[in-house]
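*Asks:*
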Amino acid sequence: MAKAVGIDLGTTFSVAAFLDGQGRPVVIPGPGGNRFTPSVVAILENGQRIAGAQAKDRALIDPERTVFSVKRKMGRRTYLELAGSEVIAQIKRRMGSDFRVSIGDREYTPEEISAVILRKLKEDAERYLGAEVRKAVVSVPAYFNITQRQATLDAGAIAGLDVMRIIDEPTAAALAYGADLAGAETIMVWDLGGGTFDVSVLELGDGVFEVKGVCGDNWLGGDDYDSRLAGLIAEGIEKEHGVDPRKDGSANIMLRELAEQCKMELSKKTETRVTFDFPVLGKKLRWERTISRQEFERLTSDLVERMAGPAEKALRDAGLAPGDIDRVLMVGGSTRMPQVRKAVERLMGKGPCFGVNPDEAVAMGAAIQAGILLGQVKRKVLIDVIPISIGVETEGGVFTRLIERNTSIPAAKSRIFTNSFDNQASMDIHVLQGERAMAADNITMDSFELDGISPALRGESLVEVRFEINANGVLNVSATDLRSEKSSSIRVSPRFYGLPKEEIERMLREAEEHEDHDRIGRARAEAAIAAANMVSAARLQAGEAAASGEITALADALEAALGEKDAPEIERLSAELKRLMESLPGWRAMAGNY
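Heads up: the sequence shown begins at 84 in the working numbering, then just goes up one per residue.
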């Protein structure tokens, strides 16, 4: 009988779990008994693809054919500076293309690389369970956008898995924590993994797990702490020996390993001795030094401070204060760092909770979700949310939201739009995600055209735009001319990857910082639309009005001001034209539209 598994597809390590005969989640060990699979892929010269510990070991002898931390590239197309050497193999980007990992004479997408990891987990699970594994629930960071979620689904398909559901990592951890919970609690999940940081606020009780608020930073994780230590060690080696180990592929791998070990040691001890004994650019050298926890905390203090913003935002979205949170559940191996625990205590006024193994909680929760979907787990309901608002661009460059952030999913929303000029035969549907008032300040997801719209005067066509987002966070958009019943639709595709590094980090922050500016911009756009409508109406009325010459002159002047985007003049001329038009018989009956 085929089995289903839950998979935590991590930046640095991945974990798989299943439900045993009693419905309890159990982590699946690899062939060597290791419960964690390094998220590392090596592609050999003969084309063989290997993942896990074996691939990580090969990195020392063949770094150019080894890929680390590819999760950070999932669903992205804009060029990003790589932190340290998180991807050893060369990353290329051609104009108009998505990321490619270049190994030898082949190029691979991040989805293909991630699929190698997923296939390794699938094969290990089949070996352990003695049965075929076809279905899976795979976790993603809560702040992954729609295209990143779709890319994860594609990676699963490439690996031969039927991914039943994409689940947010903090939500999965909450499922694992609350599996045997008696009573009701409001919890915050503080998830600091290898490459991402997420915060989710959930209400748990009576088998219902409801997400109330999410926020995160897709470019903050344990890798960034490692990179700071690697930089410190590399600078010390260069100062003493005159060579930089980061410029030697194999030495750089050793440097990464040493930095990670140092970080882990400093989570348990106040200081540790670091020894680098490895050739660099053909020069054999030895370097050693004691690094203290205090020095490490100074070196990474800004990384710790960056966690406060997402946590505070998640609380605000949930409408809660720190005192309303019963427990702060720590998830991800990086939460073992003392400075992270202290940050939680400072912000929340209470110590963190390690109710579930932080390295295994996400995979265990994903396994529980698989059991829920297959009917193996009863009396549990998961209500998740969309992390970023989605909508369309409307006249004047305004971003009109159809589904707001923190809306429970699955969800569907429709809205009627109209034509912006007479006899408009087609309409461009520009789909975006973001929190800003103007479309230009948000992120394009996709676009399509609805043609065959029935001829009509400006403002008389009726086009229904419908957004449907499923439980995996994958979006379908349709547009229908309600007169001709002509319809067009898209499923937002991973070809149109979304959020570059700088934009994912600043999206919500900028929405708050630019609130006043956005309000003014939207008001001006709406005023321009109203003015254009008034010009059209004035020209229709001018032929019959006694003051036709004055009306036409004002309409011409207002049209010129609209073309020049002269806001003060638009406002002045609109008011003047409106006063004149209000004196006309029958104007008040139609004035509500202008």
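Yeah, the Cβ is synthetic: ideal placement off N, Cα and C, and Gly gets one too.
Looking at C-beta atoms only, is the number of pairs between the stretch 548-564 and the stretch 481-500 that lie closer than 8 Å three or more?
*Replies:* yes
*Asks:* Taking residue 662 as the reference, which of 397, 645, 621 has the closest Cα?
*Replies:* 621
*Asks:* At the level of alpha carbons, what is the spacing between residue 299 and residue 250?
*Replies:* 15 Å
*Asks:* Examine chain D for any beta-carbon lying closer than 8 Å to the beta-carbon of residue 406, and answer yes or no.
*Replies:* Absent from the structure is chain D; it holds one protein chain and no more.
*Asks:* Go to residue 306, then tell me how far its alpha helix (DSSP H) extends in each direction, as first and last residue.
*Replies:* 305-324
*Asks:* Can you tell me whether residue 44 is buried or exposed, with buried defined as 16 or more other CB within 10 angstroms of its CB?
*Replies:* With the chain covering only 84 through 677, there is no way to say anything about residue 44.
*Asks:* Could you tell me whether the stretch 423-439 touches the stretch 517-531, using the rule of 3 or more Cβ pairs below 8 Å?
*Replies:* no
*Asks:* Apply the 10 Å Cβ neighbour rule to residue 155 and answer buried if 16 or more other Cβ atoms are within range, or exposed otherwise.
*Replies:* Buried, by the Cβ-count rule.
*Asks:* Where does residue 496 fall in DSSP's three states?
*Replies:* strand
*Asks:* Given this structure, state the Cα-to-Cα distance separating residue 370 from residue 336, to the nearest angstrom.
*Replies:* 16 Å
*Asks:* If you measure from the CB of residue 467, is any heavy atom of the ligand NAD nearer than 7 Å?
*Replies:* What this structure holds is no ligand at all, so the ligand NAD is not there to describe.
*Asks:* Report all residues from its chain with a CB closer than 8 Å to the CB of residue 114; omit the five preceding and five following residues, and keep chain order.
*Replies:* 207, 210
*Asks:* Just list the alpha helix (DSSP H) runs in the stretch 626-666, keeping only unbroken ones of 4 residues or longer that don't cross its boundaries, in chain order.
*Replies:* 631-647, 650-665
*Asks:* Does the stretch 267-281 come into contact with the stretch 406-415, if we say contact requires no fewer than three beta-carbon pairs (one atom in each stretch) closer than 8 Å?
*Replies:* yes
*Asks:* In its own chain, which residues sit with a C-beta less than 8 Å from the C-beta of residue 96, not counting the 5 before and 5 after it?
*Replies:* 119, 120, 121, 122, 277, 416, 442
*Asks:* Counting only runs of 3+ residues fully inside the stretch 316-378, write out the beta strand (DSSP E) ranges in chain order.
*Replies:* 354-360, 369-375
*Asks:* Quick check on residue 502: buried or exposed, where buried means 16 or more other Cβ atoms within 10 Å of its Cβ?
*Replies:* buried
*Asks:* Report yes if the CB atom of residue 308 is closer than 8 Å to the CB atom of residue 383, and no otherwise.
*Replies:* yes
*Asks:* Between which two residues does the beta strand (DSSP E) holding residue 570 run?
*Replies:* 570-574
*Asks:* Using 10 angstroms around the beta-carbon of residue 67, count the other beta-carbons present and answer buried if the total reaches 16, otherwise exposed.
*Replies:* There is no way to answer for residue 67, as the model of the chain reaches only from 84 to 677.
*Asks:* Check residue 260 in the structure and name its three-state DSSP category.
*Replies:* Three-state result, residue 260: helix.
*Asks:* Looking only at DSSP bridge pairs, what is residue 273 linked to?
*Replies:* Checking the DSSP bridge columns, you'll see residue 273 partnered with 282, 413.
*Asks:* Between which two residues does the beta strand (DSSP E) harbouring residue 486 extend?
*Replies:* 481-486
*Asks:* Which of the three DSSP states, helix, strand or coil, is assigned to residue 518?
*Replies:* coil
*Asks:* Can you give the beta carbon distance from residue 152 to residue 94, rounded, assuming they're within the 8 Å contact cut?
*Replies:* 5 Å
*Asks:* State the beta-bridge partners of residue 218 as determined by DSSP.
*Replies:* Partner(s): 87, 245.
*Asks:* Once you ignore the five residues that flank residue 540 on each side, which residues in its own chain have a CB closer than 6 Å to its CB?
*Replies:* 505
*Asks:* With burial defined as no fewer than 16 other Cβ atoms inside 10 Å of the residue's Cβ, what is the status of residue 373: buried or exposed?
*Replies:* Residue environment: residue 373 is assigned as exposed (fewer than 16 neighbouring CB atoms within 10 Å of its CB, all protein chains considered).
*Asks:* Is the Cβ-Cβ distance between residue 444 and residue 219 less than 8 Å?
*Replies:* no
*Asks:* Per the DSSP calculation, residue 548 is bridged to which residue(s)?
*Replies:* Residue pairing from DSSP places residue 548 in a beta bridge opposite 498, 562.
*Asks:* Do you know whose CA, among 468, 507, 288, 304, lies nearest residue 419's CA?
*Replies:* 304
*Asks:* So the beta strand (DSSP E) residue 102 belongs to, where does it begin and stop?
*Replies:* 96-102
*Asks:* Below 8 Å on the Cβ atoms is my guess for residue 571 versus residue 536; work out the distance and round it to an integer in Å.
*Replies:* That belief does not hold up - the Cβ atoms of residue 571 and residue 536 are roughly 11 Å apart, past 8 Å.
*Asks:* Take the Cβ of residue 230 as the centre, count every other Cβ of all protein chains shown within 10 Å, and call the residue buried at 16 or more, exposed below.
*Replies:* buried
*Asks:* What is the DSSP secondary structure of residue 509, counted as helix, strand or coil?
*Replies:* strand
*Asks:* In angstroms with no decimal places, state the Cα-to-Cα distance between residue 157 and residue 316.
*Replies:* Rounded to whole angstroms, residue 157 to residue 316 spans 30 Å at the Cα level.
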